[in-house]
Amino acid sequence: MTVPAAPDPWVVGPVTRTDFVRYQGASGDMNPIHHDEEFAKAAGFPTPFSVGMWQASLLGTYATNWLGAENVRNFRIRFLEQVWPGDVLTCGGEVVREYDHEGERRVDVELTCRRQTGGKAVTAWSTFVLPGAQPDGEADRL
């Protein structure tokens, strides 16, 4: 079985504080630095900024729409740049490895959420099993 081609990049935004607050409400992370102007400025920031996990969730959605939520075996993330109100985000990914592991055909993908500046907000690496795929050589033995 071949790996399904990566979907076209997913563009999100321009993002708003409302996007940030919606994620905060869903996640239970109501740190005021992500929605309160005075609090953010007192902490040295020009404005509230996004909860990094929101961008990670966008990458998770992109990847699971591509390869299936039920097929995730591993997902790790690295936060790189803050996301600000008005940013436009682009999520994309590519297969970096195909292999057999414990009787499953697997793929590793690298995912990136970029800001309109070209900077990476979040990079993620995920492993998926390919449904219906058999490890190399196994089909010959059946």
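Heads up: the sequence shown at position 71 corresponds to 71 in full-length UniProt numbering, and the numbers run straight through without jumps.
Even for Gly, the Cβ is constructed at its ideal location relative to N, Cα and C.
State the DSSP-derived secondary structure class of residue i, mapped to helix, strand or coil.
i      : result
LEU59  : helix
GLY52  : helix
ASN65  : helix
ARG141 : Confidence at ARG141 is low in this model, with a pLDDT of 41, below 50, so its placement is unreliable and the value that follows should be read with caution. ARG141: helix per DSSP, three-state reduction.
PRO4   : coil
PRO46  : coil
In the DSSP assignment, find the alpha helix (DSSP H) that holds residue i and state where it starts and stops.
i     : result
SER27 : 17-27
ALA42 : 37-42
Can you tell me which of the options puts its alpha carbon nearest to the alpha carbon of residue i?
i     : options                     : result
GLU94 : ALA69, VAL109, VAL88, LYS41 : VAL109
PRO7  : LYS41, LEU111, TRP125       : LEU111
GLN24 : VAL15, PRO14, HIS35         : HIS35
ARG78 : VAL12, VAL21, THR123        : THR123
THR18 : GLY92, GLY86, ALA121, PHE75 : GLY86
Would you kindly report the start and end of the unbroken beta strand (DSSP E) that includes residue i?
i      : result
GLY92  : 89-101
PHE128 : 120-129
ASN74  : 72-79
TRP84  : From DSSP, TRP84 is part of no beta strand (DSSP E); its letter is neither H nor E.
VAL12  : 10-12
Whole-angstrom Cβ separation of residue i and residue j, contact assumed at under 8 Å?
i      : j      : result
GLN116 : VAL88  : 4 Å
PHE128 : ARG114 : Actually they are not in contact, since the Cβ atoms of PHE128 and ARG114 sit about 22 Å apart, beyond 8 Å.
Bridge partners of residue i, per DSSP?
i      : result
ARG114 : THR90, LYS120
VAL107 : GLU98, PHE128
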